[in-house]
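**Q** Sharing a structure with you now.
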Amino acid sequence: MTLALARPDLSLRALRLWQRNWDVLRNTWLEELVWPFVEPLVTLLALGVGLGRIVQLPGDESYLEFVAPGLLAIFPMWAATSEAGWSSYFRLESERIFDAVMATPLSVDDITTGEVLWAATRGLISTCFILVVIAAFGTVASPLALLVPLAAVPACIFFAAVSLCNTAVARSVRSLNYFFVLYITPQFWLSGAWFPLDGLPEWAQRLSWWVPSAHAAELFRGLVRGGLEWGHLGHLAWLAVAALFFYALALALMRWRLVR
Numbered sequence: 000m001t002l003a004l005a006r007p008d009l010s011l012r013a014l015r016l017w018q019r020n021w022d023v024l025r026n027t028w029l030e031e032l033v034w035p036f037v038e039p040l041v042t043l044l045a046l047g048v049g050l051g052r053i054v055q056l057p058g059d060e061s062y063l064e065f066v067a068p069g070l071l072a073i074f075p076m077w078a079a080t081s082e083a084g085w086s087s088y089f090r091l092e093s094e095r096i097f098d099a100v101m102a103t104p105l106s107v108d109d110i111t112t113g114e115v116l117w118a119a120t121r122g123l124i125s126t127c128f129i130l131v132v133i134a135a136f137g138t139v140a141s142p143l144a145l146l147v148p149l150a151a152v153p154a155c156i157f158f159a160a161v162s163l164c165n166t167a168v169a170r171s172v173r174s175l176n177y178f179f180v181l182y183i184t185p186q187f188w189l190s191g192a193w194f195p196l197d198g199l200p201e202w203a204q205r206l207s208w209w210v211p212s213a214h215a216a217e218l219f220r221g222l223v224r225g226g227l228e229w230g231h232l233g234h235l236a237w238l239a240v241a242a243l244f245f246y247a248l249a250l251a252l253m254r255w256r257l258v259r
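Numbering follows numbering that gives the first Met the number 0, in which position 7 of the sequence shown is assigned residue number 6; successive positions increment by one, without gaps.
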């Protein structure tokens, strides 16, 4: 317990672990960087264009225009959580990468920080790809959309940190499935990416306040549409505070996992 609550032992050496993962990606980029383009493209064609022909929303907004910014909250979430989930688990248990890194000057907190930053980077890469795709479909209505990658930083750090927290306590790779089924999948549907949340019962709308992807979806929708309000700063603040909390929790849990 004392070790888990100890003062963070951080240094810029954490970037070396990030660099190590980046170098791996550079050697496998063709396999790794194709699906971030293909997946949102297929989703927009199937839902935005296909289903959008029979879905009517209030006002002049088409279903394609509604869905497009929501993808910025959904697929980067999957990218960050998958990297800090399955990929980090394999580096932890199967490949024993973390054991090797601990023999270097890097501290456990450096390892945790490097993993969180890398998983968040994967989420940001996905965010940029999706932004290009939705812009190609003509669904970006404001130059404020250029701020989407910056606004995505706290969201990606949050999803990376919360996923690494789960990885730190996972007993086997199969146990990661519980996290994705019980936590990530509900956010997929309750984010407000696929349908307006104000059409849900009041209790469900209140529950959505606790859904991180819902805050991300509203923030990105405001940037893409160009209709920023003070409430969007509240969404950004919610994500930033949650990201800091789960990052601190990931530091404590990874100390427990790697040093026990």
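All C-beta atoms in this analysis are idealised placements derived from N, C-alpha and C, irrespective of residue type, glycine included.
Count the other CB atoms within 10 Å of the CB of ALA45; is the residue buried (16 or more) or exposed (fewer)?
**A** Taking the first residue of the sequence shown as position 1, residue 45 is located at position 46. By the neighbour-count rule (16 or more Cβ atoms within 10 Å), ALA45 is not buried but exposed.
**Q** Measure the beta-carbon distance from ASN165 to LEU175 and round it to whole angstroms, keeping in mind my assumption that it falls under 8 Å.
**A** Your numbering for residue 165 matches position 166 in the sequence shown. Your numbering for residue 175 matches position 176 in the sequence shown. Contact holds; Cβ gap of about 7 Å.
**Q** For the alpha helix (DSSP H) that PRO7 lies in, which residues bound it at each end?
**A** Within the sequence shown, the letter at position 8 stands for residue 7. Element bounds for PRO7: n/a, residue is neither H nor E.
**Q** So, at 6 Å on beta carbons, what are the nonlocal neighbours of GLY113 in its own chain, with the 5 sequence-adjacent residues on each side left out?
**A** Here residue 113 corresponds to residue number 114 of the sequence shown, with the count starting at 1. Cβ neighbours of GLY113 within its own chain (closer than 6 Å, five residues either side excluded): ALA13, LEU16 and TRP17.
**Q** Helix, strand or coil for TRP193? Go by DSSP, reduced to three states.
**A** Here residue 193 is taken as the residue at index 194 of the sequence shown, counted from 1. In the three-state scheme derived from DSSP, where H, G and I count as helix and E and B as strand, TRP193 is classed as coil.
**Q** Could you tell me the alpha carbon to alpha carbon distance between MET0 and ARG173, rounded to whole angstroms?
**A** Start at 1 with the first residue of the sequence shown, and residue 0 comes out as number 1. Start at 1 with the first residue of the sequence shown, and residue 173 comes out as number 174. Low confidence applies here, because MET0 scores a pLDDT of 49, under 50, leaving its location unreliable; read the following figure in that light. Distance between the alpha carbons of MET0 and ARG173: 27 Å.
**Q** Quick one: Cα of PHE245 to Cα of GLU228, how far?
**A** By 1-based counting over the sequence shown, the position of residue 245 is 246. By 1-based counting over the sequence shown, the position of residue 228 is 229. One alpha carbon belongs to PHE245, the other to GLU228, and they sit about 27 Å apart.
**Q** Give the range of the alpha helix (DSSP H) segment to which MET76 is assigned.
**A** Reading the sequence shown from its first residue, position 77 is the one you call residue 76. Counting along the chain, the alpha helix (DSSP H) containing MET76 begins and ends at 62-81.
**Q** Starting from the C-beta of ALA216, find all residues in its chain whose C-beta is less than 6 Å away, skip the five residues before and the five after it, and write them out in chain order.
**A** Translated into positions along the sequence shown, residue 216 becomes position 217. If we look at ALA216 and ignore the five residues flanking it on each side, its Cβ neighbours are GLY69, ALA72, SER190, GLY191 and ALA192.
**Q** From GLY226, VAL33, ALA78 and ASP59, pick the residue whose C-alpha is nearest to that of SER141; which is it?
**A** As a first step, residue 141 is located in the sequence shown; it is residue number 142 there, counting from the start. For the residues GLY226, VAL33, ALA78 and ASP59, the minimum Cα distance to SER141 belongs to GLY226.
**Q** Given 8 Å as the limit, is there contact between the region 114-122 and the region 150-159, that is, 3 or more CB pairs closer than that?
**A** In short, these stretches touch, since the Cβ pair count reaches three.
**Q** What is the DSSP secondary structure of ILE156, counted as helix, strand or coil?
**A** Locating residue 156 in the sequence shown gives position 157, where the first residue counts as 1. In the structure shown, ILE156 sits in a helix (DSSP, three-state: H, G or I).
**Q** Count the other C-beta atoms from every protein chain shown that fall within 10 angstroms of the C-beta of ASN20, then say buried if there are 16 or more, exposed otherwise.
**A** Position 21 of the sequence shown holds residue 20. Flag for ASN20 reads buried.
**Q** Going straight from the alpha carbon of ASP98 to that of LEU257, what length do you get?
**A** Indexing the sequence shown from 1 puts residue 98 at position 99. Indexing the sequence shown from 1 puts residue 257 at position 258. The alpha-carbon atoms of ASP98 and LEU257 are separated by roughly 8 Å.
**Q** Skipping 5 residues on each side, what residues in its chain have a beta carbon closer than 8 Å to that of TYR88?
**A** Translated into positions along the sequence shown, residue 88 becomes position 89. Closer than 8 Å at the Cβ level, and outside the excluded window around TYR88, lie THR166, ALA169, VAL172 and LEU175.
**Q** How close, in whole Å, do the beta carbons of ALA43 and ALA67 come, if the pair is a contact with beta carbons under 8 Å?
**A** Position 44 of the sequence shown, counted from the first residue, corresponds to residue 43. Position 68 of the sequence shown, counted from the first residue, corresponds to residue 67. It is Leu, not Ala, that sits at residue 43 in the sequence shown. So it is a contact: roughly 7 Å between Cβ atoms.
**Q** Tell me the rounded alpha-carbon separation between GLY47 and PRO185.
**A** In the sequence shown, the residue the question calls residue 47 occupies position 48. In the sequence shown, the residue the question calls residue 185 occupies position 186. Approximately 21 Å, taken between the alpha carbons.
**Q** Let me confirm a value: TYR177 is counted as buried when at least 16 other C-beta atoms fall within 10 Å, else exposed. Which label applies?
**A** Residue 177 sits at position 178 when you count from the first residue of the sequence shown. Flag for TYR177 reads exposed.
**Q** Could you check the C-alpha separation between ALA247 and PRO200 for me, to the nearest Å?
**A** What you label residue 247 is simply residue 248 of the sequence shown in a count that begins at 1. What you label residue 200 is simply residue 201 of the sequence shown in a count that begins at 1. Rounded to whole angstroms, the separation of the alpha carbons of PRO200 and ALA247 is 34 Å.
**Q** To the nearest angstrom, how far is it from the Cα of LEU222 to the Cα of PRO57?
**A** Taking the first residue of the sequence shown as position 1, residue 222 is located at position 223. Taking the first residue of the sequence shown as position 1, residue 57 is located at position 58. Near 20 Å, if we compare the C-alpha coordinates of PRO57 and LEU222.
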